[in-house]
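Trainee:
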Amino acid sequence: MNLSLRRQTLAVTTNHQKEAKKMATEIEKLVLPDGKLETELTIRKEYGQNKYTQEIIDGNTPAAVVRVKSIADVQAVLRYANERRIAVTAFGAGTSIVNGSAGQNEGIVLDLSGLNEIIEINIPDQYAIVQAGVLNGVLDAQVRQQGYFFAPDPGSKPISSVGGNIATDAGGMSSLKYGTTKQSVIGLKVVLADGSLVEMGSRCFKDNVGYDLTDLFVGSEGTLGIIVEATVRILPLPFGTPTTGLATFASMKELSVAVEKISASGLAPSLMEALNSTSIEALDRLEQTDLGKGNAAALLIFQLDVTPQGAVEALKKILHENNALHVSVTTEKDYAQKIIKIRQDYYQAEAAYGRLIVEDVAVPLSKLPALAEFVDQLTFQTPVKAFLGGHAGDGNFHPNIAIPRELNVIPADVKAAIKKIFAYVQSIGGTISAEHGIGDLKDEWVLPQLGQQLVTLQKKVKHTFDPNNILNPGRKV
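Every letter in the sequence shown is one number past the one before it in the working numbering, and letter 319, counting from 1, is 328.
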């Protein structure tokens, strides 16, 4: 390095250190009613990247992390940050796959995991009121003890927060019948960018007074306000014995055609999950099963949580008429749980092959066979393992790619393959984000999908709620 360049580098480093020191001094002025301010470097770096986002190698370094203990803490942080134009990112359980809840450089992270109280479970009116940090699985377990269930069912159900589910409009296996998180949210308590607290929605299932701001905030990824409390629907457990099963096919294309036929049959399955040959291989390796026997290259896992007379026979007929190689159906609870566990272990099985890049696309049901065939034809020069699976019943596939763990960059051919998938999905009327959000990974694809007019309108909405652009800036729109 020549002397001039060295001096320039030293000057930049010195200025950065001065700015960091100034920020550290400023941040000490933040007074919290109940929470704890963390400024230690290792803690800040830990919150600068979501660990489940494997597509990002290097994380950010926030200025501070606030461990929230009350709504008043959230209000104090936003008032402070709004006055100083400091970025604020809400962090629930950190399960984002698109780095959507990772703290930004020199920003503040609001760790909401301390807001973990189930405030009310109202069985007569079929709702629950929970704080944002309550885990989905904890709420579901609590209401199941009273004969109800919480429908949103993401793969991260045991470890993801209700607030995070709402912020991303999380889907999951049961969204085929019960919808994504949006269909379960009837009211929200939100802290806006200026620190004011607002309540929207109600405890009624129908409420048409004013604009539906509740739905607007669901899926907003923390860019319009910080969700601190939610009123959510709980549903009575279905009457009768559920029917669970699996079917194998010679290809994902044939499986996708069968899914389309089942969807049009009126049988109303509660889940239809698909896995391709490499996913089957990964699961057989993890679970010590033999799902790939008989040249099976695609696996469909399905469930009817309500089984009217003749439904099982009708379902089997559709599967056999659409080239199923093997069909197995059960009403036995333990065996059914083993079948569901196969799908729940999907990511774990694939991650055994390397650093797992997880994608999330959806297409109209009639386009599923074409999408399956398109992904199957992708080729790579890098030694990777490509998988395809997901919620076939609602057109939502996850093309996942395991790359060698020792690589410190995402290979160019993997990046190119992801771009090809996104472009193809948009060309056939699909979406590049079905349930994981936009975060740091997909912002360049928002404009091609929505168009300039709609993007401009959405930015106006953002500006109305957050005029100083402090709430998770650069994400979502």
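Even for Gly, the Cβ is constructed at its ideal location relative to N, Cα and C.
Keep in mind it's a predicted model, so treat the numbers as computed, not measured.
Excluding the five sequence neighbours on either side, which residues of its own chain have a C-beta within less than 7 Å of the C-beta of K485, listed in chain order?
Mentor: Taking the sequence shown and counting its residues from 1, the one referred to as residue 485 is at position 476. Counting only Cβ-Cβ distances below 7 Å, and skipping sequence neighbours, we find S229, E230, T232 and I447.
Trainee: Have a look at G180, I430 and A283 and flag the residue whose alpha-carbon is nearest the alpha-carbon of E368.
Mentor: As a first step, residue 368 must be located in the sequence shown, where it is residue number 359. For the residues G180, I430 and A283, the minimum Cα distance to E368 belongs to I430.
Trainee: How about the stretch 386-405 and the stretch 166-185: do they share at least three Cβ pairs that are nearer than 8 Å?
Mentor: Enough Cβ pairs lie closer than 8 Å, so yes.
Trainee: Given this structure, state the Cα-to-Cα distance separating K198 from R294, to the nearest angstrom.
Mentor: Residue numbering aside, residue 198 sits at position 189 when the sequence shown is read from its first letter. Residue numbering aside, residue 294 sits at position 285 when the sequence shown is read from its first letter. Going from the Cα of K198 to the Cα of R294 covers about 45 Å.
Trainee: Which residues share a DSSP beta bridge with L313?
Mentor: Mapped onto the sequence shown, residue 313 falls at position 304. Looking at the DSSP assignment, L313 forms a beta bridge with T252.
Trainee: Alpha carbon to alpha carbon, how far is G460 from T340? Give it in angstroms, no decimals.
Mentor: Along the sequence shown, read from residue 1 onward, the residue named residue 340 stands at position 331. Along the sequence shown, read from residue 1 onward, the residue named residue 460 stands at position 451. The alpha-carbon atoms of T340 and G460 are separated by roughly 48 Å.
Trainee: Do A111 and N59 have their beta-carbon atoms positioned less than 8 Å apart in this structure?
Mentor: Within the sequence shown, the letter at position 50 stands for residue 59. Within the sequence shown, the letter at position 102 stands for residue 111. Their beta carbons are under 8 Å apart, which means N59 touches A111 by this criterion.
Trainee: For the beta strand (DSSP E) that P408 lies in, which residues bound it at each end?
Mentor: Locating residue 408 in the sequence shown gives position 399, where the first residue counts as 1. Unbroken beta strand (DSSP E) run through P408: N405 to I412.
Trainee: How far does the beta strand (DSSP E) with H335 in it reach, from first residue to last?
Mentor: Numbered from its first residue, the sequence shown carries residue 335 at position 326. Note, H335: beta strand (DSSP E), H335 to T339.
Trainee: Rounded to whole angstroms, what is the Cα-Cα separation between Q318 and I271?
Mentor: For the purposes of this step, residue 318 is taken as residue 309 along the sequence shown, with counting starting at 1. For the purposes of this step, residue 271 is taken as residue 262 along the sequence shown, with counting starting at 1. Rounded to whole angstroms, Q318 to I271 spans 16 Å at the Cα level.
Trainee: Quick one: residues in its chain with C-beta nearer than 8 Å to the C-beta of S105, no 5 flanking neighbours on either side, listed in chain order?
Mentor: Looking up residue 105 in the sequence shown gives position 96. For S105, where only same-chain residues beyond five positions count, the Cβ hits under 8 Å are N59, Y61, T62, A111, G173, T177, H445, G446 and G448.
Trainee: Would you say A179 and P163 are within 8 Å of each other, going by their C-beta atoms?
Mentor: Counting from 1 along the sequence shown, the entry for residue 179 is found at position 170. Counting from 1 along the sequence shown, the entry for residue 163 is found at position 154. The answer is yes: Cβ separation under 8 Å.
Trainee: In whole angstroms, give me the CA-to-CA distance for T223 and D149.
Mentor: To locate residue 223, count along the sequence shown from 1; it is residue 214. To locate residue 149, count along the sequence shown from 1; it is residue 140. Their backbone Cα atoms lie some 22 Å apart in a straight line.
Trainee: So is N285 buried or exposed if we call it buried at 16+ other beta carbons inside 10 Å?
Mentor: Numbered from its first residue, the sequence shown carries residue 285 at position 276. Result: buried.
Trainee: Would a C-beta distance cut-off of 8 Å place V372 and G438 closer than the cut-off?
Mentor: One-based indexing of the sequence shown puts residue 372 at position 363. One-based indexing of the sequence shown puts residue 438 at position 429. Closer than 8 Å, so yes.
Trainee: DSSP three-state label for K376, please.
Mentor: Translated into the one-based positions of the sequence shown, residue 376 becomes position 367. Note: K376 maps to helix in three-state DSSP.
Trainee: Use the C-beta contact count for K451: other C-beta atoms within 10 angstroms, 16 or more gives buried, fewer gives exposed.
Mentor: Your numbering for residue 451 matches position 442 in the sequence shown. Its Cβ being crowded by 16 or more others within 10 Å, K451 is buried.
Trainee: Residues in its own chain within less than 6 Å of V21 by CB, not counting five upstream and five downstream?
Mentor: In the sequence shown, the residue the question calls residue 21 occupies position 12. Any reading at V21 needs caution, since the residue's pLDDT is 48, under 50, leaving its predicted position unreliable; the model's value is listed next. Cβ neighbours of V21 beyond the five flanking positions: none.
Trainee: Within a Cβ cutoff of 7 Å, which residues of the same chain sit near G68, ignoring the five residues on either side of it in sequence?
Mentor: Here residue 68 refers to the residue found at position 59 when the sequence shown is read from its first residue. Closer than 7 Å at Cβ, skipping near neighbours: K54, G57, Q58 and A111.
Trainee: Contact between the stretch 138-152 and the stretch 115-123 is defined here as three or more beta-carbon pairs at a separation below 8 Å; is this criterion met?
Mentor: Touching, per the Cβ criterion.
Trainee: Contact between the stretch 421-429 and the stretch 310-317: three or more CB pairs below 8 Å?
Mentor: Taking 8 Å as the limit for Cβ pairs, the verdict is that the stretch 310-317 does not touch the stretch 421-429.
Trainee: Can you give me the start and stop residues for the alpha helix (DSSP H) that R212 sits inside?
Mentor: One-based indexing of the sequence shown puts residue 212 at position 203. That residue, R212, is in no alpha helix (DSSP H); it is neither H nor E in DSSP.
Trainee: Could you name each continuous alpha helix (DSSP H) segment of 4 residues or more that falls completely within the stretch 427-477, going from the start of the chain to the end?
Mentor: You should have 455-459 and 461-474.
Trainee: Checking 8 Å against the spacing of the C-beta atoms, do G219 and T240 come in under that value?
Mentor: Position 210 of the sequence shown, counting from 1, holds the residue named residue 219. Position 231 of the sequence shown, counting from 1, holds the residue named residue 240. No, the Cβ-Cβ distance between G219 and T240 is not below 8 Å.
Trainee: Leaving out the 5 sequence neighbours to the left and right, which residues in its chain are closer than 7 Å to Y136 when beta-carbon positions are compared?
Mentor: Within the sequence shown, numbered from 1, the residue matching residue 136 stands at position 127. Hits under 7 Å: I195, R212, T240, V241, R242 and I243.
Trainee: I need the boundaries of the beta strand (DSSP E) containing T240, first residue and last residue.
Mentor: Residue 240 sits at position 231 when you count from the first residue of the sequence shown. Note, T240: beta strand (DSSP E), I235 to R242.
Trainee: Of all the options I95, A333 and A395, which has the alpha carbon lying nearest to the alpha carbon of Q113?
Mentor: As a position in the sequence shown, residue 113 is number 104, starting the count at 1. Here the closest residue by C-alpha is I95.
Trainee: List the endpoints of the continuous alpha helix (DSSP H) containing T98.
Mentor: Position 89 of the sequence shown, counted from the start, is the residue given in the question as residue 98. Looking at the DSSP string, T98 is not in any alpha helix (DSSP H); the run it does join, the beta strand (DSSP E), is V97 to F100.
Trainee: Would DSSP call F383 helix, strand or coil?
Mentor: Counting from 1 along the sequence shown, the entry for residue 383 is found at position 374. Correct three-state label for F383: helix.
Trainee: Taking the alpha carbon of G303 as the reference point, which residue from G101, K38, I66 and H335 has its own alpha carbon closest?
Mentor: Residue 303 sits at position 294 when you count from the first residue of the sequence shown. It is H335 whose Cα lies nearest to the Cα of G303.
Trainee: Since I believe V40 is in contact with P480 (beta carbons under 8 Å), could you give me their beta-carbon distance rounded to a whole number of angstroms?
Mentor: Position 471 of the sequence shown, counted from the start, is the residue given in the question as residue 480. Position 31 of the sequence shown, counted from the start, is the residue given in the question as residue 40. Sequence check: residue 480 is Leu here, not Pro. L480 to V40, Cβ: 21 Å. No contact.
Trainee: Distance, Cα to Cα, Y475 vs N409?
Mentor: Within the sequence shown, numbered from 1, the residue matching residue 475 stands at position 466. Within the sequence shown, numbered from 1, the residue matching residue 409 stands at position 400. Looking at the sequence shown, residue 475 is not Tyr but Asp. Near 35 Å, if we compare the C-alpha coordinates of N409 and D475.
Trainee: By DSSP's criteria, V107 is part of a beta bridge. Which residues make up the other side?
Mentor: Working through the sequence shown from its first residue, we reach residue 107 at position 98. Beta-bridge pairing links V107 to no other residue.
Trainee: Taking DSSP as the reference, what is the three-state secondary structure of D43?
Mentor: Here residue 43 corresponds to residue number 34 of the sequence shown, with the count starting at 1. Here D43 sits in coil by DSSP.
Trainee: Among all the DSSP beta bridges, which residues are the ones paired with K394?
Mentor: For the purposes of this step, residue 394 is identified with residue 385 of the sequence shown, where counting begins at 1. Answer is A411.
Trainee: Using a threshold of 8 Å, state whether the C-beta atoms of G260 and A307 are closer than that.
Mentor: Counting from 1 along the sequence shown, the entry for residue 260 is found at position 251. Counting from 1 along the sequence shown, the entry for residue 307 is found at position 298. For the record, residue 260 in the displayed sequence is Ser; it is not Gly. Against a cut-off of 8 Å, the Cβ pair of A307 and S260 comes out as a contact.
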